[in-house]
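> Take any residue in the sequence shown, note its place counting from 1, add 19, and you have its number in this note's numbering. Virtual Cβ for every residue (Gly too), placed ideally from N, Cα, C. There's a structure below that I have some questions on.
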Amino acid sequence: MFEEAQYFAPVATRDDGSVVVELASGHPGFADTVYRNRRNAIAALALGHKPGEPIPHAEYTDEEHHVWALVTQELAVKHDKYAVREFIDAAARLGLPASRIPQLQEVSDLLKPLTGFGYLPAAGLVPLREFYGVLADGLFHSTQYIRHHSVPFYTPEPDIVHEVIGHANTLASPRFAALYRLAGRAARRVETEEALEFVSKVFWFTLEFGVMREDGESKAYGAGILSSSGEIEEFRGMDIRPLDLKAMGTTHYDITKYQEVLFEAESFDHLEDVVGTFWDTCDDDSIARLAASH
């Protein structure tokens with residue numbers, strides 16, 4: 020569906036200091052002036068944030084809270100059926116509100132005692148190295164806006180539903196949080212853009228769109244699947260392949276549609292052994308050798 024660091028809605032600051040989110044003509048909110056003004060105001064909050072300060076409070080409308088409640092209710096049912104136990108247990112510990120959009124500072128305060136993770140507000144594009152790098156510090160870049168109310172179960176870009184229902188629930192698990200940190204350290208360790216892209220693709224096919232065997236079934240743990248009410252119903256019908264570092268690090272994917280190729284871990288231990296060890300030990304040379312191997 021999308022990659023964290025490649026938003027479709029670039030953010031521009033005009034000469035007069037105003038902030039504008041440039042929505043494409045096909046965006047559900049393109050012709051909605053009220054929605055566009057909301058997006059601009061929320062992006063400006065993030066741009067004005069300084070590290071170490073509390074995350075700015077975003078005022079949400081009743082309509083926006085209703086979208087959150089609809090999606091939360093829909094996804095909760097599907098998580099019970101399709102999500103790995105580790106995610107379900109972590110979500111129960113985190114206890115996100117079901118009827119209203121939580122503030123990012125509120126989510127950070129809930130996460131901190133569980134795994135030490137916290138959120139940073141993002142206005143839009145976050146450079147790849149920065150997005151992944153801060154994971155090493157227990158920080159996660161997140162947008163604060165929510166998708167357009169006309170299509171509550173669809174978003175062309177990562178909104179707060181994806182960032183919080185998908186990622187925060189995952190980050191409430193110490194085991195998953197440890198993998199996020201390892202990915203961040205790997206992103207900081209590698210120097211070439213090619214190696215960084217390889218690291219990010221492994222993240223994409225695991226922590227964004229990963230599946231694993233559990234109780235004899237394919238279950239989802241990737242935040243991209245677990246935050247999409249449509250994709251979570253479809254993933255079992257995709258081309259599911261065994262976990263393979265080279266394949267994950269070199270496979271092209273289309274961020275505009277459901278993922279057609281997924282990689283499945285045999286268990287959580289298997290995921291940690293293969294992917295966790297890779298992120299913990301990789302460098303530019305080892306990634307170059309892996310990418311060139313037959």
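Among G268, V209, G45, R200, whose alpha-carbon lies nearest the alpha-carbon of F2?
This structure leaves residue 2 out entirely; the chain is present only between 20 and 313.
> Can you tell which of A63, A102, L215, T211 has the C-alpha that lies nearest to the C-alpha of A202?
L215
> According to the Cβ coordinates, are A242 and G152 closer than 8 Å?
no
> Note down the Cα distance separating F150 from D128, rounded to an integer number of angstroms.
20 Å
> With C-beta atoms as the reference, is R207 less than 8 Å away from A141?
no
> In this structure, how does DSSP classify H295 when only helix, strand and coil are distinguished?
Sequence inspection shows Gly at residue 295; the His mentioned does not correspond to that position. Note: G295 maps to helix in three-state DSSP.
> 8 Å is my cut-off, CB to CB: does P146 come that close to chain D?
Given the protein chain composition of this structure (a single chain), no chain D is represented.
> Among residues of its own chain, excluding the 5 on either side of A24, which ones have a beta-carbon nearer than 6 Å to its beta-carbon?
Any reading at A24 needs caution, since the residue's pLDDT is 37, under 50, leaving its predicted position unreliable; the model's value is listed next. Correct list, in chain order: V145, L147, F150.
> For R166, count neighbouring Cβ atoms within 10 angstroms of its own Cβ and tell me buried if that reaches 16, exposed if not.
buried
> Using CA atoms only, rank isn't needed, just tell me which of V96, V126, E82, V39 is closest to P75.
V126
> Looking at the structure shown, is I179 part of a helix, part of a strand, or coil, going by DSSP?
helix
> Excluding five sequence neighbours on each side, which residues of the same chain lie with their C-beta closer than 6 Å to the C-beta of L139?
Taken in chain order, the residues that qualify are L158, H160.
> To test your reading of the DSSP string, which unbroken beta strand (DSSP E) runs of 3 or more residues are found completely within the segment 203-236?
For secondary structure counted as the beta strand (DSSP E) over 3 or more consecutive residues, the segment 203-236 holds these complete runs in sequence order: 230-233.
> Entirely within the segment 248-302 and at least 3 residues each: give me those beta strand (DSSP E) ranges in chain order.
Complete beta strand (DSSP E) runs here, min 3: 258-261, 280-284.
> Terminal residues of the continuous beta strand (DSSP E) containing H186?
Unbroken run through H186: none, as it is neither H nor E.
> With the cut-off set at 8 Å, would you say V103 and E227 are in Cβ contact?
no
> Per DSSP, which residues does G137 bridge with? Please list them.
In DSSP, G137 forms a bridge with L158.
> Quick check on K131: does DSSP put it in helix, strand or coil?
K131 falls in the helix class under three-state DSSP.
> Quick check: what's the CA-CA separation for L309 versus V294?
Roughly 13 Å separates the two Cα atoms.
> Between which residues of its own chain and M231 is the CB-CB distance below 8 Å, once the five residues before and five after are set aside?
V103, S237, K238, Y240, E283, A284, E285, S286, F287, H289, L290
> When the Cα atoms are used, what is the spatial distance from A110 to T189?
7 Å
> Evaluate the contact criterion for the segment 72-89 versus the segment 162-180: three or more CB pairs, one atom per stretch, below 8 Å.
yes
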